[in-house]
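Report on the following structure.
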Ligand code: SER
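In this note's numbering, the protein residues as written are 544 to 1125.
Dropping the structure here:
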């Protein structure tokens, strides 16, 4: 049995319900591009909302983290990974959480406790030291030399605001050498394998920390790293997770893994992430913004490294590798089955596109070098920025002509550019995780009304295809084969405002998924929901499967106004609308 199944079975045996993995592209949450942790989709429940599956949950969650994309190529970094998690929503706390983690590691995975060390929250001005966790670890036989007290590292929060709390991290000594008596964080053989967060606080935008209604537990364990540890390999990419994928790349290129690790890891990692992003029901395509831009960079970087391995870029190499990945994961993730061909299409089209700029870039390069002069930083950056030419390629090609490139100057420009995009993406996290502010909540309820109004005014075949909410506006994508007429727009707006004025009550009920669907509740992606679902109704005008949160009654919404109606993609229209207090 693999790690994922062992984990789920164990926590189910401890009274947990398995919940499905949320999509990699979060819905109704403009504050982040991707799900970066197992807890992320659970934020409303950690904040106190009732979860239809109860108080003990577990899952494996798809996560994408791109902050250290450039580090991929070494033995440990991945842009996509699966995170195992178990949660207590106001049920068990530190004692059981630590006991079960210890039991799972030592009795199910048979990791000797002599290979383990932990860190515990040291305490600060606001929150005292976590003595309960410290004593629990001692009682389980972890010696005090292996229990480190730290402050910063042992307080967990995703981004700037949201649910948070002290945590205890579990480390494993990954080396053939004898495990040292003392835990030493600077010794990189100590690798973190599990993080148990005792989420009892919430941090607001003004930096204030207040108590949550519940004392929750949120734990996270990375599948890739733990699998490598269990298989006794010091390179994550040498574990069974990557074996077939790396072997395929090796076969296509005719080169061994040893000696070509970096490029092979990058191809494997980036294509796997690209597969999951493009398979997501959100329908992300390579572009120059947001998720689409990440997808583009991943695919292009993979292609460049394929070129480095002398793989024929015009062959269908990317399809062969992607199929291995799809086959490996499709029994766990329905969207890979549903969007199998979509994924292959996306990869192929982006490859064709990149090949085109590659050709233009080559022409530009020839023009530049025809003067037989060294390449300055601005030109090197132009080749990178406009034609996607990595600096290594420019340097290599220049060297063949006996020319040099101002690499240092390029690096400076590159950093400057990176800073800019980092600041831009950091802004994405500012609003906190779930965008659960009062304004976003109002917009969220407004999307349900708009959905219902469009069905009445335009066609009963209108269905939601996506939505995005910021504090300033809502965006709503829906299936529709024509541009809305002015009359349709006006009528839709009028109807939403009429419902708002009627002050309809918003109510929530839980029911089996099949019952919800049979009762005509609206739902975007049926596969994605657990067997028991929450259904939000607004008076009797709207009924949708949804995780919330919503306002209590519609008069809280103010006035609804459509500001734009445009095409989004084939057969999909997009409305941008605002709520005002008029
Ligand atoms: N949220 C914590 C983490 O991401 C534990 O799941 O590490």
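We put the beta carbon where it would ideally sit given N, CA and C, even for glycine.
**Request:** Name the two residues that bound the continuous alpha helix (DSSP H) containing residue 793.
**Result:** Translated into the one-based positions of the chain shown, residue 793 becomes position 250. From DSSP, the alpha helix (DSSP H) with residue 793 extends over 783 to 796.
**Message:** Once the 5 residues before and after residue 923 are set aside, which same chain residues still bring their CB inside 7 Å of it?
**Reply:** By one-based count along the chain shown, residue 923 stands at place 380. Same-chain partners within the cutoff: 934, 937, 948, 949, 953.
**Asked** Would you say residue 685 and residue 656 are within 9 Å of each other, going by their C-beta atoms?
**Response** Walking along the chain shown from the start, residue 685 turns up at place 142. Walking along the chain shown from the start, residue 656 turns up at place 113. Against a cut-off of 9 Å, the Cβ pair of residue 656 and residue 685 comes out as a contact.
**Item:** Distance cut 6 Å, beta-carbon to the ligand SER heavy atom: residue list by chain order
**Value:** 580, 581, 582, 628, 699, 738, 740, 761, 762, 763
**Message:** What would DSSP say about residue 807, mapped onto helix, strand or coil?
**Reply:** Reading the chain shown from its first residue, position 264 is the one you call residue 807. DSSP places residue 807 in helix when its eight states are reduced to three.
**Message:** My output table needs one value for residue 946: the three-state DSSP class, helix, strand or coil.
**Reply:** By one-based count along the chain shown, residue 946 stands at place 403. Looking at residue 946 - three-state DSSP - the assignment turns out to be coil, as it is neither helix nor strand.
**Prompt:** residue 835 lies in the beta strand (DSSP E); which residues open and close that run?
**Reply:** For this step, residue 835 is matched to residue 292 along the chain shown. Careful: residue 835 lies outside any beta strand (DSSP E), inside the alpha helix (DSSP H) at 833 to 851.
**Asked** So residue 710 and residue 739 are in contact, right, with Cβ under 8 Å, and what is the actual spacing, rounded?
**Response** Here residue 710 is taken as the residue at index 167 of the chain shown, counted from 1. Here residue 739 is taken as the residue at index 196 of the chain shown, counted from 1. So it is a contact: roughly 6 Å between Cβ atoms.
**Request:** Give a yes or no on whether the C-beta atoms belonging to residue 817 and residue 879 are separated by under 9 Å.
**Result:** If you number the chain shown from 1, residue 817 lands on position 274. If you number the chain shown from 1, residue 879 lands on position 336. Cβ atoms of residue 817 and residue 879: not closer than 9 Å.
**Message:** Do residue 767 and residue 625 count as a contact pair if the criterion is CB distance below 9 Å?
**Reply:** Here the question's residue 625 lines up with position 82 in the chain shown. Here the question's residue 767 lines up with position 224 in the chain shown. Yes.
**Request:** Would you kindly work out how many angstroms separate the C-alpha atoms of residue 668 and residue 694, rounded to a whole number?
**Result:** In the chain shown, residue 668 corresponds to position 125, counting from 1. In the chain shown, residue 694 corresponds to position 151, counting from 1. The alpha-carbon atoms of residue 668 and residue 694 are separated by roughly 11 Å.
**Prompt:** Nearest chain D C-beta to residue 985 closer than 9 Å, yes or no?
**Reply:** Of the chains in the structure shown, none is chain D; there is only one protein chain.
**Message:** If you measure between the beta carbons of residue 951 and residue 920, is that distance less than 9 Å?
**Reply:** Here residue 951 corresponds to residue number 408 of the chain shown, with the count starting at 1. Here residue 920 corresponds to residue number 377 of the chain shown, with the count starting at 1. Result yes, Cβ atoms of residue 951 and residue 920 sit closer than 9 Å.
**Item:** Closest residue to residue 990 among 928, 1104, 893 (Cα-Cα distance)
**Value:** Your numbering for residue 990 matches position 447 in the chain shown. Nearest C-alpha to residue 990: 1104.
**Message:** For a test of the three-state rule: what should DSSP assign to residue 969, helix, strand or coil?
**Reply:** Translated into positions along the chain shown, residue 969 becomes position 426. Here residue 969 scores only 43 on pLDDT, less than 50, and its place in the model is too uncertain to base an answer on.
**Prompt:** How would you write the range of the alpha helix (DSSP H) that residue 648 sits in, first residue to last?
**Reply:** Counting from one through the chain shown, the residue named residue 648 turns up at place 105. Here residue 648 belongs to no alpha helix (DSSP H), and DSSP marks it neither H nor E.
**Asked** Given 8 Å as the limit, is there contact between the region 924 to 932 and the region 889 to 901, that is, 3 or more CB pairs closer than that?
**Response** yes
**Reduced DSSP category for residue 624 - H, G, I as helix; E, B as strand; rest coil** = By one-based count along the chain shown, residue 624 stands at place 81. Of the three classes helix, strand and coil, the one that applies to residue 624 here is strand, per DSSP.
**Request:** Within the region 1058 to 1109, note down every full alpha helix (DSSP H) run reaching 4 residues or more, in order along the chain.
**Result:** none
**Prompt:** Is residue 739 helix, strand or coil when you go by DSSP?
**Reply:** As a first step, residue 739 is located in the chain shown; it is residue number 196 there, counting from the start. Strand.
**Prompt:** What number of angstroms, rounded off, separates the C-alpha of residue 1060 from the C-alpha of residue 1051?
**Reply:** Numbered from 1 along the chain shown, position 517 holds the residue referred to as residue 1060. Numbered from 1 along the chain shown, position 508 holds the residue referred to as residue 1051. Straight-line Cα distance between these residues: approximately 15 Å.
**Message:** Between which residues of its own chain and residue 1119 is the CB-CB distance below 6 Å, once the five residues before and five after are set aside?
**Reply:** Within the chain shown, numbered from 1, the residue matching residue 1119 stands at position 576. Excluding positions up to five away in sequence, the list reads 1016, 1018, 1106, 1107.
**Request:** Determine the closest residue to residue 671 out of 692, 732, 1025, with distance taken between C-alpha atoms.
**Result:** Reading the chain shown from its first residue, position 128 is the one you call residue 671. Nearest of 692, 732, 1025 to residue 671, Cα basis: 692.
**Item:** Residues of its chain near residue 830, where Cβ-Cβ distance is below 7 Å and the 5 sequence neighbours each way are ignored
**Value:** Reading the chain shown from its first residue, position 287 is the one you call residue 830. 836, 839.
**Request:** Please confirm if the region 760 to 774 is in contact with the region 580 to 591, defined as three or more CB-CB distances below 8 Å between the two stretches.
**Result:** yes
**Message:** For residue 858, tell me which candidate among 808, 792, 833 has the shortest Cα-Cα distance.
**Reply:** Taking the first residue of the chain shown as position 1, residue 858 is located at position 315. The residue with the shortest Cα to Cα distance from residue 858 is 792.
**Request:** Please work out which residues of its chain come closer than 6 Å, Cβ to Cβ, to residue 843, disregarding the five sequence neighbours upstream and downstream, and give them in chain order.
**Result:** Within the chain shown, numbered from 1, the residue matching residue 843 stands at position 300. Excluding positions up to five away in sequence, the list reads 897, 931.
**Request:** Check the DSSP bridge columns for residue 1050 and list the partner residues they point to.
**Result:** As a working mapping, residue 1050 is identified with position 507 in the chain shown. Paired residue(s): 1080.
**Asked** In this structure, does DSSP put residue 564 in helix, strand or coil?
**Response** Here the question's residue 564 lines up with position 21 in the chain shown. Looking at residue 564 - three-state DSSP - the assignment turns out to be coil, as it is neither helix nor strand.
**Asked** From 639, 927, 699, 715, pick the residue whose C-alpha is nearest to that of residue 679; which is it?
**Response** Taking the chain shown and counting its residues from 1, the one referred to as residue 679 is at position 136. The shortest Cα separation from residue 679 among 639, 927, 699, 715 belongs to 639.
**Prompt:** If we count Cβ pairs, one from each stretch, closer than 8 Å, do we get three or more for the region 1033 to 1050 versus the region 1091 to 1100?
**Reply:** yes
**Request:** Mind checking which residues open and close the alpha helix (DSSP H) that includes residue 656?
**Result:** As a first step, residue 656 must be located in the chain shown, where it is residue number 113. From DSSP, residue 656 is part of no alpha helix (DSSP H); its letter is neither H nor E.
**Prompt:** Less than 9 Å separating the beta-carbons of residue 833 and residue 576?
**Reply:** In the chain shown, the residue the question calls residue 833 occupies position 290. In the chain shown, the residue the question calls residue 576 occupies position 33. Yes, the pair counts as a contact, with Cβ atoms nearer than the cut-off.
**Asked** Does the beta-carbon distance from residue 607 to residue 820 come in below 9 Å?
**Response** Taking the first residue of the chain shown as position 1, residue 607 is located at position 64. Taking the first residue of the chain shown as position 1, residue 820 is located at position 277. Taking 9 Å as the Cβ cut-off, residue 607 and residue 820 qualify as a contacting pair.
**Request:** Look at the Cβ atom of residue 654, then the Cβ atom of residue 602, and state whether they are nearer than 9 Å.
**Result:** In the chain shown, residue 654 corresponds to position 111, counting from 1. In the chain shown, residue 602 corresponds to position 59, counting from 1. Not closer than 9 Å, so no.
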